[in-house]
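Count along the sequence shown from 1, add 136, and you get the number used in this note's numbering.
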Amino acid sequence: MESKMVRNDRNDVVKDGLEHTCITESLLDIFLRTKPTSLLIRGPPGAGKTTLALELLKASNRTGYYISTRVSLKKIKEQFPWIADLLKEEYTVNSKDYNANGNYDGSGSIPVVDARLGSAKGILERVLDFILMHGDSVIILDSWDAIAKEADKNERLKAEKSMVYMADANNGLLIFISEEPEENTVSYLVDGVITLDMEYRDGFRMRKMRFDKMRGVEVKHSIVPYTLKGSRFIPLPVGIGYNYPEHPRYFERIDAGEEFISTGSKDLDKALYGGIRKGSIILLERDQSASKVYITHILASLVLNSLRSGIPTFTTPAPYVPLKSVMKYVRPFCNAEELRLYTVFTKNDEADDAINVCKLTDDVKLNVNQTCSLYMSAISRHRRAVLTCDTSLASVNYDLDDVLNGIKKVKASDGILFMISSKDSPLFSAVQSVADIHMKIWEENGVTMLRLVRPYNGVYAMLLESIMKGYPSYRLIEVV
137 MESKMVRNDR NDVVKDGLEH TCITESLLDI FLRTKPTSLL IRGPPGAGKT TLALELLKAS
197 NRTGYYISTR VSLKKIKEQF PWIADLLKEE YTVNSKDYNA NGNYDGSGSI PVVDARLGSA
257 KGILERVLDF ILMHGDSVII LDSWDAIAKE ADKNERLKAE KSMVYMADAN NGLLIFISEE
317 PEENTVSYLV DGVITLDMEY RDGFRMRKMR FDKMRGVEVK HSIVPYTLKG SRFIPLPVGI
377 GYNYPEHPRY FERIDAGEEF ISTGSKDLDK ALYGGIRKGS IILLERDQSA SKVYITHILA
437 SLVLNSLRSG IPTFTTPAPY VPLKSVMKYV RPFCNAEELR LYTVFTKNDE ADDAINVCKL
497 TDDVKLNVNQ TCSLYMSAIS RHRRAVLTCD TSLASVNYDL DDVLNGIKKV KASDGILFMI
557 SSKDSPLFSA VQSVADIHMK IWEENGVTML RLVRPYNGVY AMLLESIMKG YPSYRLIEVV
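Below is the structure:
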């Protein structure tokens, strides 16, 4: 077993972007402010228990004491470099290295785990001594299972009660880490119980944190997805509402280079290895759980970036979407000259002098031909063009041959076709078979998720940034 002394002498909490503010602005931070004396973090191997415990220690800005039965200090520093400067080796509890006076002999060897009853008693004494000496501090027992597994139930309960009592009396915080899924003795004693879980789906891990017990804290969302991106524990914001920008400003254009057209999102461009390659067909598969606000942001970012880049852009919205709703996410964020490059197809009797409005008819074949004709005309004049179409809720009986012929024209050009569709759409299978890029969007416990199916490149949580940016914008956080 190895113990590490941790001291956080910083007066302010360092906010390293979302990776840190998620802890300091979440329910976990609210729980820390109630001055709890004990917390149990449990879950299977690899769920992120140690990561969460170290995040809480760093966020608490308190003196800490870390006891590990698993890995050496060197390994911990390698795995968690963001906390390495706060860790220092004090001593190693090991039958070979630990002498009668309780001093480390300086051999520097990787510790041998010793979870016998005698070692458990020794650890208990060390913890109690540390609490008495340092008072307002955080002690992490990683893992309590290994320390106490050889003790019988009564001895284990007595040890747990003693530590919790001393932590309470001296304003300390004990964090127990456990891989025991069932209710154990310590779960009844502690102020908080957090269960971490992960589920494998189609090659990725969906991680969720469950708040089973948070004494003194109102728990609005008991299940919160999280990611371990960058060896950090990042709870994903749940149930965040959307507010339209109070002070709209022009969209900041992203240049994706000669061979690509940008999605309007640096994060999505990066996930797509540079952006959308010219001549590509993009399918955004919409699950019924997905919020239209997030889909609108993906679409608006592409449209705005294209218009601001001088690329003619065409949009066929879902039949129920009025023209004014489309323009709400376009007009304030680009200038009049750029708006003249924008064409919207609609069946409604609507007009807007700032853009080109094309009336659709009941003749589906005619509509497809008209769209392709205008698109190819734009290609001949501007070399590039962007065509977007939402068929996710459409019940129109398209002629697949006409649609596929239109897709062939796009693939042979320097433009792109971005289609939004659901699995029950009549066009879904046909578009899926020819799509160069296939993305899927859905909501998971209040968090909007975006998965890259083709190319196969991970799952991301979407966070809207429109208020901060002043125009439709979003950020992607990889879920790992």
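Each residue gets a CB set at the ideal place from its N, CA and C atoms; glycine is no exception.
Do residue j and residue i come within 8 Å of each other at the CB atom, strictly closer than that value?
i, j, result
"Lys547", "Ile417", "yes"
"Ala571", "Arg590", "yes"
"Ile276", "Leu193", "yes"
"Arg343", "Gly184", "yes"
"Val522", "Leu438", "yes"
"Ile556", "Leu420", "yes"
"Phe481", "Thr524", "no"
"Gly375", "Ile390", "no"
"Phe387", "Arg444", "yes"
"Glu296", "Val322", "yes"
"Asp265", "Thr205", "no"
"Leu496", "Asn505", "no"
Quick check: the Cα distance between residue i and residue j, rounded to an integer number of angstroms?
i, j, result
"Lys501", "Arg476", "26 Å"
"Thr449", "Leu309", "58 Å"
"Leu612", "Met598", "5 Å"
"Ile283", "Phe554", "56 Å"
"Met604", "Pro373", "16 Å"
"Tyr190", "Ala220", "Inspection of the sequence shows that residue 190 is occupied by Leu rather than by Tyr. If I take the Cα positions, the gap works out to 11 Å."
"Asp519", "Asn541", "The amino acid at residue 519 is misidentified as Asp; the sequence shows Arg. The straight-line gap from Cα to Cα measures roughly 20 Å."
"Glu316", "Lys285", "11 Å"
"Tyr240", "Leu364", "Because the pLDDT at Tyr240 is just 37, under 50, the model does not fix this residue reliably, and the value given afterwards should be weighed accordingly. Going by the C-alpha atoms only, they are around 34 Å apart."
"Leu440", "Ser509", "22 Å"
"Ser602", "Pro468", "13 Å"
"Gly446", "Gly366", "37 Å"
"Phe369", "Arg517", "50 Å"
"Ser231", "Phe216", "A caution first: Ser231 carries a pLDDT of 30, below 50, which makes its placement in the model unreliable, though a value can still be read off. Cα-Cα distance, rounded: 27 Å."
"Asp489", "Glu580", "41 Å"
"Ser298", "Ile313", "17 Å"
"Arg385", "Gly606", "5 Å"
What is the residue span of the alpha helix (DSSP H) that residue i lies within?
i, result
"Leu193", "Lys185 to Ser196"
"Tyr291", "Sequence check: residue 291 is Glu here, not Tyr. From DSSP, the alpha helix (DSSP H) with Glu291 extends over Lys289 to Ala305."
"Leu420", "No alpha helix (DSSP H) contains Leu420, which is instead part of the beta strand (DSSP E) from Ile417 to Arg422."
"Leu586", "Unbroken run through Leu586 is the beta strand (DSSP E), Val583 to Arg590; no alpha helix (DSSP H)."
"Lys344", "Segment Phe340 to Met350 is the beta strand (DSSP E) holding Lys344; no alpha helix (DSSP H) there."
"Val500", "Val500 to His518"
"Ala688", "Absent from the structure is residue 688, since the part of the chain shown begins at 137 and ends at 616."
"Leu459", "Leu459 to Lys464"
"Tyr378", "That residue, Tyr378, is in no alpha helix (DSSP H); it is neither H nor E in DSSP."
"Gly410", "No alpha helix (DSSP H) contains Gly410, which DSSP labels as neither H nor E."
"Leu176", "Where Leu176 is concerned, there is no enclosing alpha helix (DSSP H), although the beta strand (DSSP E) it sits in stretches over Ser174 to Arg178."
Evaluate residue i with the Cβ neighbour count: other Cβ atoms within 10 Å of its Cβ, from every protein chain shown; 16 or more gives buried, anything less gives exposed.
i, result
"Leu536", "exposed"
"Ser398", "buried"
"Leu268", "exposed"
"His383", "exposed"
"Tyr511", "buried"
"Thr479", "buried"
"Asn290", "exposed"
"Arg587", "buried"
"Gly352", "exposed"
"Asn471", "exposed"
"Pro181", "exposed"
"Asn379", "exposed"
"Ser425", "exposed"
"Gly328", "buried"
"Tyr409", "exposed"
"Gly393", "exposed"
Starting from residue i and walking both ways along the beta strand (DSSP E), at which residues does that stretch end?
i, result
"Trp578", "Ile573 to Glu580"
"Gly164", "The sequence given here has Leu at residue 164, not Gly. Where Leu164 is concerned, there is no enclosing beta strand (DSSP E), although the alpha helix (DSSP H) it sits in stretches over Leu163 to Arg169."
"Leu570", "Correcting the residue identity first, residue 570 is Val in this sequence and not Leu. Element bounds for Val570: not the beta strand (DSSP E) but the alpha helix (DSSP H), Phe564 to Val570."
Please confirm whether residue i has its beta-carbon closer than 8 Å to some beta-carbon of chain D.
i, result
"Gly182", "In summary, chain D is missing from the structure at hand, where a single protein chain is found."
ask   = At a cut of 8 Å, does the region 301 to 309 reach the region 328 to 340 through at least three beta carbon pairs?
value = Because the criterion of three Cβ pairs below 8 Å is not met, the region 301 to 309 and the region 328 to 340 do not touch.
query = With contact counted as at least three CB pairs below 8 Å, one residue from each stretch, are the region 170 to 179 and the region 346 to 355 in contact?
reply = Taking a cut-off of 8 Å on C-beta distances, the region 170 to 179 touches the region 346 to 355, as three or more cross pairs fall below it.
At least three beta-carbon pairs within less than 8 Å, the region 426 to 439 to the region 602 to 611 = Flag = yes, the region 426 to 439 and the region 602 to 611 touch.
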